[in-house]
Structure formats: C-alpha cells, structure tokens
Amino acid sequence: MSLDEKALHDAVQQVAGQRVQSANAKDGVATIVLEVGGMDRLARDKLEMAVRDAARKAGAAEVRVAMTAEKRAPLIIAVGSGKGGVGKSTLSANLAVALAKAGRKVGLVDADIYGPSQPRLLATEGRRPEAEGNKMHPVQSPWGVPMLSMGHLVQPGQAIAWRGPMAGNALNQLIDAHWGDTEIIVVDLPPGTGDVQLTMLQKHKPAGAVIVSTPQDLALMDATRAIGLFEQAQVPIIGMVENMAGYVCPHCGEESDPFGSGGAEAAAKTMNLPFLGRIPLDLSIRQDSDGGRPPAAGEGPQAEAFARIARAVLGWLDQRK
Ligand code: ADP
451 MSLDEKALHD AVQQVAGQRV QSANAKDGVA TIVLEVGGMD RLARDKLEMA
501 VRDAARKAGA AEVRVAMTAE KRAPLIIAVG SGKGGVGKST LSANLAVALA
551 KAGRKVGLVD ADIYGPSQPR LLATEGRRPE AEGNKMHPVQ SPWGVPMLSM
601 GHLVQPGQAI AWRGPMAGNA LNQLIDAHWG DTEIIVVDLP PGTGDVQLTM
651 LQKHKPAGAV IVSTPQDLAL MDATRAIGLF EQAQVPIIGM VENMAGYVCP
701 HCGEESDPFG SGGAEAAAKT MNLPFLGRIP LDLSIRQDSD GGRPPAAGEG
751 PQAEAFARIA RAVLGWLDQR K
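Each residue of the sequence shown is one higher than the one before, starting from 451 at the first, in the numbering used here.
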C-alpha cells in the first residue's frame, strides 16, 4: 500500500485534530509533528498511539512521531482593497466565520483603525477586551470567532485621528494579543496603502493576502495598486474576490448587474492571480450584516458563496505546506 500525503494528513488529523503541526510522507515513511503543550504524559502517550495507528492504516510502513510544546504563531491572512466601500469588512468577517464553520480556529483583527466596523458585524459592540500582563484577551463573538478591534477600545462615534506611528502601535496591540490556540487570524486592513498597511507588512508579515474588488474598472484599478503593495513586500496574493456582482431583484427575481460583472475575474486572469469567488449584491447581506448576523453563519446561497471562498483559502494554505 502506498502512502499518500494528503490521506496521511487527513487520517492523522482525524485522531489528533489541531495538534497536528505537520504530516509528511516519503518512501512509505510517515513523519508527524504534534503540538502537545498542556497535555499530561498519559494523554500524550495515548495521542501518540492513536496517531501511529492512524498513520499505519493510511499506508505508512514506518511512522516517526515528534512532539513539541511550542505553539506556532497564528498565520495571518490579510484582506485588503484599493478603496473603501467595496465590502472588505463584510468579506473579512464572513471569511473568518466560514473558516470557523469549516473547523479551523480562527480569530479576526479589525485593523481598520479609523473606521472599525467589525464589532457591529459580529455583534460585539460595547464589549471591552480584558488585559492580562500588557496584552489583551480577544473578545469572544457569538460566531466562534474571537476578535479585537479599535472599536472595542474607544467609545462609539469617537473620532480616531491617530497618524503614522500611533496607528501602527494600535495595530501591534491588536495582533500581539493572547490568541491562545488560534491558527489563523484574518486581518481586515484599512483601504488603500497607508501607514497601517506598512506596519502590517513590515512587522506582522501575512502568510497571504485576499484582495476584494467590485467589478467596476475604477475599483479594479485601485485594487491593482493594493496588489502592488503586497507584491513589493513579497506577501503572496491568495487571490481576488469579486463583491457586489449580479443583483437579484427581491421582488421579480430578475438578475441585473448594476456594477457590471466578471470584471474582477477577468482582472485576476490578466494579472495571473487565482480568482477565489464572487459574492452577489444582495439586500439580505447588508441587512444581516448591519444586524450583527454574518450571512456566512447561516444557510443558503449567501452562506455558500462565503464557504466557497473559505475552501479556496484553505486549499491555498494546504498547498503552501
Ligand atoms: P469596506 O470594508 O470595503 O468599506 P463594507 O464591508 O463596510 O465595505 O461594505 C460597505 C457596505 O456595503 C455595507 O453597508 C455592507 O453591508 C454593504 N455590502 C457589502 N457587500 C455587500 C453585498 N454583497 N450585498 C449587499 N450589500 C453589501
């Protein structure tokens, strides 16, 4: 029986879940690294036996298991756009919720220091993070996504007029928090290419970036600039998402394209970037978002649109390993 790496990874993950740091297969030998921080001896031995057993059943002739108490720092996925109002915050919130639904441990940082909207989108408005030492604990949202936003630290409506270094420091505090066993942090960046983006790229290098655009030419031109910023910093672009494409009239069901459609997909193709998916312009997306009920947490075509993008992002992360 030959040993397939993906099958090995799946089999090991079935018994060891998030504790699997890596599972490699070569010439029938499985090499598995487990993170065992906080487990006692007995629990570790049991886990090791279960993992060895699973790897053999998956076809390994020999199994090597290494254990480490070190936690990996969470991977950062940045969500950016060239300009505001294209649905970057909506996508960030729903991507995080969709990834959590897919079984990942996901956190969300609202790096939109000047216009934080994540507390409203994920129903944590008015909550305050607790501090321990000189770090904050993320606020738990009802959607299985711990989160931190400048909106949790200032009074609603209070103007935030920080510039340069202060804005960068604020971002550092949100990212260097007690994230526990969070594997992935989705970061909702401010639109454009300013100080916060630079701090993000220099100090907290994202594993990859997702770029959101509406299908219009102008939005796409701005998106191209945002892509340039990531590429200069050697942050790989995971792909593009087209938002507000194809409007289905809630009354007559007729589909129209107020902002055009397919523009982002075509632009992605021209730039040789993966296209991750399309989210329709849909009144219920705005209403549910404003009400703190992320559409990705529900059922139906809207939730599926976000789930598809989450799967594409996970596929990219797996391939990267
Ligand atoms: P950005 O973060 O890019 O500024 P937002 O995510 O805040 O954009 O979205 C701007 C507005 O558009 C919000 O009111 C949001 O609810 C709405 N919106 C975003 N995407 C959609 C969509 N696909 N359908 C309907 N409304 C949307």
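Glycine included, C-beta positions come from ideal geometry on N, C-alpha and C.
As the structure is a computational prediction, the values presented were derived from the model and not from experiment.
**OP:** Identify every run of the beta strand (DSSP E) within the stretch 556-614, keeping only runs that are complete inside it and at least 3 residues long; order them along the chain.
**Re:** 556-560, 596-599
Subject >> alanine 683 beta carbon less than 8 Å from that of valine 547 >> reply: no
Original post:
proline 751 by DSSP, collapsed to three states: which one?
Top reply: helix
Original post:
At what residues does the alpha helix (DSSP H) containing asparagine 544 begin and finish?
Top reply: 538-551 is the extent of the alpha helix (DSSP H) around asparagine 544.
Original post:
Are leucine 764 and valine 662 touching if we call contact CB-CB under 8 Å?
Top reply: no
Original post:
Under 8 Å between the Cβ atoms of methionine 694 and glycine 537?
Top reply: Between methionine 694 and glycine 537, the C-beta gap is smaller than 8 Å, which places the two residues in contact.
Original post:
Where phenylalanine 725 and tryptophan 766 are concerned, what is the direct C-alpha to C-alpha distance, given to the nearest angstrom?
Top reply: Answer to the nearest angstrom: the Cα atoms are 12 Å apart.
Subject >> C-beta contact flag for alanine 757 and aspartate 638 at 8 Å >> reply: no
Original post:
Would DSSP call alanine 480 helix, strand or coil?
Top reply: strand
Subject >> Separation of valine 486 from aspartate 477, as counted between CA atoms >> reply: CA-CA distance, aspartate 477 to valine 486, rounds to 27 Å.
Original post:
Using 8 Å as the limit for Cβ to Cβ distance, is threonine 720 near chain D?
Top reply: Of the chains in the structure shown, none is chain D; there is only one protein chain.
Subject >> C-alpha gap between threonine 649 and serine 452, whole angstroms >> reply: 46 Å
Original post:
For proline 730, which three-state DSSP category applies?
Top reply: strand
**OP:** Within its chain, find whatever has a CB closer than 6 Å to the CB of cysteine 702; leave out the 5 residues flanking it on each side and keep chain order.
**Re:** none
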